[in-house]
Amino acid sequence: MFSKTELTEKLTAELRELAKANGVDNAGDLRKSDLIEEILKKQNATAEAAVTPEPAADENATEKPARKRTRIAKDGSESAPAPKKDERPTLFDESDKIEIPSPDFEAIALVTGQDLSKQESIADKIQNQKNKKDRTPKGKNDS
């Protein structure tokens, strides 16, 4: 069952297909507004003919309604007691601090295969770069 607004949103080709499915004879010759009217007429005619008698209410009344599930109460001894307000851990407890171990540079050297004694620290590298910039080439000061 389509409403008038649903039918007006559809394309004319779709309306022609619906009209042919509903049994409209000259669906190919009609305009969109005429197709909508014919489809609605056919739907109303089939809806009136298809009205079925209501089922007997006596049969439904004799059936018992479904029982609701009953809840089973849990025993108090089985459940763990809730922590008291004073015993609850807080976010900022100092007892829960985790110490992060410092990295083992010897193990890193073994895994990477590099000799760490040859590597310069970052501060040393920066200092060496500054010293190189401050130096003047040998040929320029000799004049």
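Per the numbering used here, residue 26 is the first one in the sequence shown, and the count goes up by one each step.
Glycine included, C-beta positions come from ideal geometry on N, C-alpha and C.
| Asked | Found |
| --- | --- |
| Have a look at Asn156 and Ile147 and give me their C-alpha separation to the nearest angstrom. | 14 Å |
| Assign Lys158 to one of three DSSP states: helix, strand, or coil. | helix |
| Would Ala46 pass as a contact of Glu63 if the rule is Cβ separation under 9 Å? | no |
| Using a threshold of 8 Å, is the CB atom of Glu124 nearer than that to any non-hydrogen atom of the ligand NAD? | Within the structure as shown, the ligand NAD is missing, as the structure has no ligands at all. |
| When the Cα of Ala70 is compared with those of Asn153, Thr161, Ala91, Met26, which residue comes out closest? | Met26 |
| In terms of residues, what are the limits of the alpha helix (DSSP H) holding Asp50? | Looking at the DSSP string, Asp50 is not in any alpha helix (DSSP H), and its letter there is neither H nor E. |
| The alpha helix (DSSP H) that contains Lys66, what's its start and end? | 57–74 |
| To which residues of the same chain is Lys57 closer than 7 Å at the C-beta, ignoring the five residues directly before and after it? | Thr37, Leu40 |
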